[in-house]
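Asks: Numbering (the UniProt record's numbering), first residue to last: 1 to 218. Attaching a single structure in structure tokens format; questions to follow.
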Amino acid sequence: MTTHDVTVSARGVSTRALLTGGAVAGSLYVVVWLTQAFTREGFDITRHPASLLANGGPGWIQTTNFIVSGLLSIAAAVGLRRALTGRGRVWGPWLVGLYGFGLVLAAGFPADPAAGFPVGTPADYAEISARGMGHFVAGGIGFSGLIGGCLVIAAHYRSIGRRAFARFSAVTGILFFGAFAGLSAGAGSRPTIIAFDIAVVLGWSWLTAVCLDKRRTA
Numbered sequence: 001m002t003t004h005d006v007t008v009s010a011r012g013v014s015t016r017a018l019l020t021g022g023a024v025a026g027s028l029y030v031v032v033w034l035t036q037a038f039t040r041e042g043f044d045i046t047r048h049p050a051s052l053l054a055n056g057g058p059g060w061i062q063t064t065n066f067i068v069s070g071l072l073s074i075a076a077a078v079g080l081r082r083a084l085t086g087r088g089r090v091w092g093p094w095l096v097g098l099y100g101f102g103l104v105l106a107a108g109f110p111a112d113p114a115a116g117f118p119v120g121t122p123a124d125y126a127e128i129s130a131r132g133m134g135h136f137v138a139g140g141i142g143f144s145g146l147i148g149g150c151l152v153i154a155a156h157y158r159s160i161g162r163r164a165f166a167r168f169s170a171v172t173g174i175l176f177f178g179a180f181a182g183l184s185a186g187a188g189s190r191p192t193i194i195a196f197d198i199a200v201v202l203g204w205s206w207l208t209a210v211c212l213d214k215r216r217t218a
């Protein structure tokens, strides 16, 4: 085996590891989120977005969830930069990385208490603090990255004849945009929060599927 072969082999293992991290990120985030959603006192998954879990005594769990899943998403972006070819090779990974950055940034700016959570917060409490505004900015950055990444990587898959993955990517980006816009305009109504919860699971499922797909040939 030549030195070149060793270098290529090491690079391949590293890329696969990065993409594995990206594939794990979604499952980790969703499991930690849902476990808290159904065990934290006063939390109602149909009324409270996941970000509110960063409040209260156990809030560090969701904060850590944001950081770990965000860092794994950034790792996925690096792996995708190496694994993608042709159209989407540059902007797709950068946008996925922006999604990861938004998650990490959200950890530093926790959402304000709202809608009766955590317990003791008035049901009509909706005050927005400086940290709350920071959380909105972080969400805007991260979700824009995810939406853009879906659409750019859809173009990549379309260019290589992978129509099913192209459609999956495009539909995920479009639906996530719609759910995020609905959440922003819906002032926390149950339908918009439920739609956004579903979109979050879909977005993570998309990232997992793309990472696993590219990992097969990395």
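Beta carbons are placed, not taken as given, at the ideal position from N, Cα and C, and that holds for glycine.
With DSSP as the reference, label F180 as helix, strand or coil.
Replies: Translated into the one-based positions of the sequence shown, residue 180 becomes position 180. F180 falls in the helix class under three-state DSSP.
Asks: Cutting at 7 Å between CB atoms, please list the residues of its own chain near L95, excluding the five before and the five after it.
Replies: Your numbering for residue 95 matches position 95 in the sequence shown. These residues qualify, in order along the chain: G145, G148, G149, V152.
Asks: Pull up the distance between the alpha-carbon of V13 and that of A54, whole angstroms please.
Replies: For the purposes of this step, residue 13 is taken as the residue at position 13 of the sequence shown. For the purposes of this step, residue 54 is taken as the residue at position 54 of the sequence shown. Reliability fails at V13, whose pLDDT of 49 lies under 50, so the model's placement of it is uncertain and no value is given.
Asks: Classify Y29: buried if its beta carbon has 16 or more other beta carbons within 10 angstroms, exposed otherwise.
Replies: Within the sequence shown, numbered from 1, the residue matching residue 29 stands at position 29. By the 10 Å Cβ count, Y29 comes out buried.
Asks: Taking the C-alpha atoms as reference points, what is the distance between G86 and A126?
Replies: Counted from its first residue, the sequence shown places residue 86 at position 86. Counted from its first residue, the sequence shown places residue 126 at position 126. Going from the Cα of G86 to the Cα of A126 covers about 46 Å.
Asks: How many whole angstroms separate the CB atoms of G139 and A106, which I take to be in contact at a CB cut-off of 8 Å?
Replies: Taking the first residue of the sequence shown as position 1, residue 139 is located at position 139. Taking the first residue of the sequence shown as position 1, residue 106 is located at position 106. Yes, G139 and A106 are in contact; Cβ-Cβ is about 6 Å, under 8 Å.
Asks: Does DSSP put A114 in a helix, a strand or coil?
Replies: Against the sequence shown, residue 114 aligns to sequence position 114. In this structure, A114 counts as strand in the three-state DSSP scheme.
Asks: Among G21, R40, P110, which has the Cα closest to the Cα of G79?
Replies: Against the sequence shown, residue 79 aligns to sequence position 79. Among G21, R40, P110, the Cα nearest to that of G79 is on G21.
Asks: According to DSSP, is D213 helix, strand or coil?
Replies: Looking up residue 213 in the sequence shown gives position 213. Here DSSP, grouped into helix, strand and coil, assigns D213 to helix.
Asks: Is Q62 helix, strand or coil when you go by DSSP?
Replies: Locating residue 62 in the sequence shown gives position 62, counting from the first residue. Three-state result, Q62: helix.
Asks: Ignore the nearest five residues each way along the sequence and tell me which others in I141's own chain have a CB closer than 8 Å to its CB.
Replies: Locating residue 141 in the sequence shown gives position 141, where the first residue counts as 1. Once the five neighbours on either side are set aside, the close Cβ partners of I141 are L98, F101, G102, L105.
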